[in-house]
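Those letters in the sequence shown? Residues 4 to 1185, per our numbering, in order.
Glycine included, each C-beta is placed from N, C-alpha and C at the ideal position.
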Amino acid sequence: MLKNVLVVILCMLLLMGCGSGSSDDTKSLTVDGSSTDSSVPIISNPTSKIVNAYQEDLSILKDYAEQLANSAYQGETDSLVLEIEEIRGVFKSLYIDLPSGISRINLNSLNLYADANNRINTTKRCDISGEIKALGTVEKYSIRFYNCIMSANNAAFSGTIAIYSDAQSNTSTSFFENLKWQKGTSFQNFNGYITNSILPDSVEISQEYISYESESISLISNSKTVEKKTSLGLSIVHEGELYFAEIGKVLIGSEYLTNNSEGYISGIMKFNADNFAQLVFNENWAYYTQDIDLDEQLDLGRYFDNLQAFLNSNIGAEGLTSIDVLSEPPVFIGRPEVIQNNNKQITTLDLLRANIQPHNILDPDTPFENLTFKYNWYLNGTQVSGYNTKELPAGIAKLNDSVQVSVDVTDLSNTVSSELSEPVTIGRAPFIFTSSHSNQTFNAGESVVFAVGINDPDQVEQLLTIILTSGPEGAEMDALGNVLWQAPNHLLFAQQSYQFTFATYNDLGNKVSTHSVDLDVQTSNSKVIARGGFSDTFNVEYVDIADFDADGKNELLYFDDSQNVSIFDIADDKASYWWSYPYKKLEYGNLNKVSGIEVDADNTPELLLQYDRHLEVLYDLDSIGSAMYTTDNYISLAQIKDLNNDGLNELVILENARFGSGEPFSIFKVLDFSNPKNVLFEDRITSAYSFVFVEHAGAQLPIVMLNNGIAYDSNGWKTLSVPKIGSELNVADLDGDGIDEVVAFPNYREIQIYNFNSEVIETVTFKHTSHLPNAIADIDNDGIYEILRKGSTQRDPIRIYNVTSNNELRLKSEISSDVLRMRYLSLKDINLDGKPEIFYIDHATHRFYNDALKVVTYDLTQSNSTPMQSYTLPRSFNANTAAGWVELGGQDKYAIFAGQNQVTTLSLNGDILTQNNELGSLEGSMSYDYDGDGYGELFLREPKVVRLLDHALIWEDTVNSNYNYIKQKVLIDDINLDGYMEHIFLQNKALIINDIWNNKTLLNESLDYNAWSAHVWTHDNETLTVTSGNYDVNLYKLEQGKLTLLNSIEQKCSKLTTFNHDKDAAKELLCLKNIGDKTEMKVYEIISDELVEKLNRTLDYSVVDYEIDPSFTERQGIFFTTTGTKNANGSYVTLVDNNGQFMWRSISLSQVMSQNSIKARYSEERGLSLQLATEKMLFLIN
């Protein structure tokens, strides 16, 4: 369509012709300054009606112009079949080539004037060469060009333009007669006319009959255009008849939106000849379709990235696709990105990843997961060949390279490309430190040898030297880079991690990096006594009764939602602690399931421990679990079974996962138990939470049935279709036919029964409601399983049901029970008579009467009303303060733990006893036999002492306790050197020292600040005191009941104590301050009554509690308890040397460390012992 550009040019001419005359003189100036008589028209071409337009009627001019256009066009006049190449040519000619050619016409330098009578008759020389002649009136005039060149880079113009305007109707008509510009072999020639009308509301209408010729195009247009300005752009409707030289007659109907600055926005263009074609486009894509069988129905088509892609494409008819399979192309929103950590620059060692999220792709008819992606990686602007996945391997990009990525997105029939991502610059890579130890775990006493090396991946540093800077005692490094070390023979814990630290130096002697190697050493001879408290929520997760120590007697395994695992000896009417599992892999999430299994034929059950993301088997109760499997997904269920009857076990796992932000799904896996890396079968399925093994007469091997409507025949792992059933599945032969039924309890009133013979689910309803546990077992060994169910009320019996052949419940018998809160119901051969007994956990008395839990058992062969035996579990405890050791009544030493209203004693053989008291909180207390009478005292944070007398608590009156006190470690020391311990504590803003033996106060000094911690010790025969407030650490001398300030430094210490940092007799001050997940460790020496800093070190973990290593008298190490470290989650005991250098760290312990979690002692007879307290477990380590 010509009108858009031509009207602009014509308007320019009108402005030139209607320029305001500045004189009434009838003369107008020529270019050379001479004048002409404008009253006498110059008839340049008497036969041309366009030249003499001012003398002609409008209708005559239009007829004449049409004749000119028809004569100028020499092309095809009949219609032909249109193909995509022709449509692309029509669009380019009509909307691109023609407007761009006319836009070169620059007539701005012309200045034409009318005389006082609005007449025009002038000749003007062009700027470079040639001339123009204007003739007529302001309303009707013509301009003729004589080889006119207006600028050095412009073309030569020839031919005539005439303007016929009507001011009243706001209409003008422009006529062309051989209007031509030419530059070299390029030219454009126009004949015909355009009528333009301006209407109200910014509407313009133009009617054109015009021919256009160039060196490659010949066309004629008889069409109408309507333009209207809108808020979105210029709306254009164009329709009419066109003739193209090689195409013939084409009817065009177009409606589109354009923006003068950005080009086409959207639209639809229809082309009709012998067949029909259509182009629809918007800012996201262009959609071309055409009719091929001349039935006026669109048959073939193709999507393009945008309108420009359609025009630039060389795709012909062979590149079109049936519109039946075409889909709307995806639209890429924004840019892809190269993923980078905000805290770490990408280096040559990093795998580069491109990131695309579902919100980056808009595709209305293709889901995101059905799209395919091709990634195009660029280094410094050049595409990297051979890498088209979302990951670019490490090492391809070098130091300082600029990395970008683009993405080609393909749906069923289209491919679109994104823009390039923002560039990412490759930074300096860290040195590569290598070690040959391969994360191996060594045994206690084993000789350890491993080699280390270092290199610079960016090859900036050529000569590097590595040395061993610190490590466990006895470690050394030879000249070849081999590290030699003898692992210790004795460990406190079943596994401890030791650290070797290395420094790297360049050829200039500058240290450029540090590295460390952690080695694990394990033993089965550690003496860790652990005792786990019970959960206050009473949710019993698992209970089992079996012979766990091969002594011919059953023990009770108990696991609840506090995640403690304990085994009790059961005898007479009580259950006594025998074992608790002290370790827990907190880095793998919660411990969710514990089950007894038999996998090594040693006649004692092993324990399968199931964490959120980890499985391990505990073979030896004195060791740690052996890792079997770790995943990033959540493990819903894991079981061990010999599925193929070959005598070897398989590990069957059901995981739950989520794909990005999409729907959750499950993964079913079967692994070789002896080699879990060997995956025997794996399937991704819809979400499932449970599975069972079903023995079925029609199957040679067990069927694995899941609750999501899928089952597998383990003989070849063929998938079977089964109905969905309740989430918790059980297997039982309810009718005695030798074929298992699958049983589920979908709610409190119903059971679902599925039989592989009938292949339907039968639903059976209970008459009695209950929210309490159900159990399924063959209680009388008749081959038919019964269903056990406890009623909802306290007096309701345990009802035993059979399922009849009509799938109805038949009440078989009842067991009288008087328990309200039954939390676990099961059957086991408790008395080893070959018959199962019923047992349950009685929580009611524990909850409402503060009594202990009971395991109640019934032998139905003896009585349905009287329990066979009840076993009382030890009382739960909340003693979370490690208070120290004392002798009780001259007997062996006991470890004392204190907490909320409780004192718990733990003997060296594991006997535990908990006593309640009415003294309030005992947290933070410390035990010591201060008077040497064979009975231990418990020092509280308050000025009180509790005597431990044969496990009874006797209160010794001291002073009133109605005041606040500071929650720090209790301090006791022999301040006055009389052989008895004094009690040191902070109260409000006062430091108090009580002489318990002599019943007097040695110090009660008010401070002018809130002190958070304090310490008192003897130094050079003087008693020194140090306190820490919000901002300062203050050093005092204690003399005659008064404090004298010696020194003050700007420092805050959350924990203060003294230890021997060096080899002299004087102790140094240790200051600890937690800063986020790190700890600031400082050591001060007292020199001339001033605190002088000797050490300032930052530890990569937050310290919970501390204890000085008592096994050394000089250069003492420090035990720290931590929960969570820089490299691992969990609760640990860490030993550092006197300078804070890491020595070893325990394996992760069960539960979270309490604030007063550690005490240590040393004796020549027993060596080093530790006492630990976590939130729900007590430890004694010898």
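The residue from L466, R305, L97, K644 with its alpha-carbon nearest to that of S416 is R305. Distances from the CA of L1152 to each of V141, T428, K588, N718 were compared; the closest alpha carbon is that of K588. Going by DSSP, A75 is part of the alpha helix (DSSP H) stretching over 61-75. E945 and E1093 have their C-alpha atoms spaced approximately 31 Å apart. In this chain, Q1144 is not harboured by any alpha helix (DSSP H), its DSSP state being neither H nor E.
Non-local beta-carbon contacts of N979 in its own chain, meaning distances under 8 Å to residues more than five positions away in sequence, involve E985, D998, L1005 in chain order.
Per DSSP, reduced to three states, the secondary structure at S96 is helical. DSSP places F274 outside any alpha helix (DSSP H); the residue lies instead in the beta strand (DSSP E), whose first and last residues are 266-275. Note on geometry: alpha-carbon atoms of I573 and V859 lie some 12 Å from one another. With contacts defined by Cβ atoms closer than 8 Å, S639 and E658 form a contacting pair.
No Cβ-Cβ contact shorter than 8 Å links G162 with N150. D411 and I754 have their alpha carbons spaced roughly 53 Å apart.
Among the bridge pairs identified by DSSP, F1115 is matched with none. When DSSP states are grouped into helix, strand and coil, E372 belongs to the helix group. Ranked by Cα distance from R813, the first of Q525, R792, A885 is R792. Between the segment 423-436 and the segment 387-396, the count of C-beta pairs closer than 8 Å stays below three; the two stretches do not touch. Rounded to the nearest angstrom, the gap between the Cα atoms of P332 and L323 is 15 Å. Assignment of beta-bridge partners to S583 by DSSP yields S569. Burial of I255 is indicated by the presence of at least 16 other C-beta atoms within 10 angstroms of its C-beta.
For the pair R798 and G741, the Cα-to-Cα distance works out to about 36 Å.
For S316, the secondary structure class from DSSP, reduced to helix, strand or coil, is coil.
Residue state for R305 is assigned as strand, using DSSP reduced to three classes. Taking all protein chains shown into account, R826 has 16 or more neighbouring C-beta atoms within 10 Å of its C-beta and is therefore buried. Of the other Cβ atoms in all chains shown, 16 or more fall within 10 Å of the Cβ of L830; this residue is therefore buried. In this structure N345 is exposed. Its beta-carbon is surrounded by fewer than 16 other beta-carbon atoms within 10 angstroms. With fewer than 16 neighbouring CB atoms inside 10 Å of its own CB, R687 falls in the exposed class. In the three-state reduction of the DSSP assignment, A56 falls in the helix class, which pools H, G and I. Annotation: R944 is outside any beta strand (DSSP E) and is labelled neither H nor E by DSSP. A contact between stretches requires three or more CB pairs, one per stretch, nearer than 8 Å, and the segment 55-74 meets this requirement with the segment 139-149. At a Cβ-Cβ threshold of 8 Å, T1137 and T1125 count as neighbours. The C-beta of Q77 has fewer than 16 other C-beta atoms within 10 Å across all chains shown, which makes the residue exposed. Leaving aside the five residues that flank S238 on each side, the residues in its chain whose CB is nearer than 6 Å to its CB run, in chain order, K231, L260.
Contact between the segment 440-455 and the segment 488-501 is present: three or more C-beta pairs spanning the two stretches fall below 8 Å.
In this structure, the beta-carbon distance from P339 to V408 falls below 8 Å.
For D976, the enclosing beta strand (DSSP E) has its first and last residue at 974-976.
Linking Q1158 to A747 through their CA atoms gives a straight-line distance of about 45 Å.
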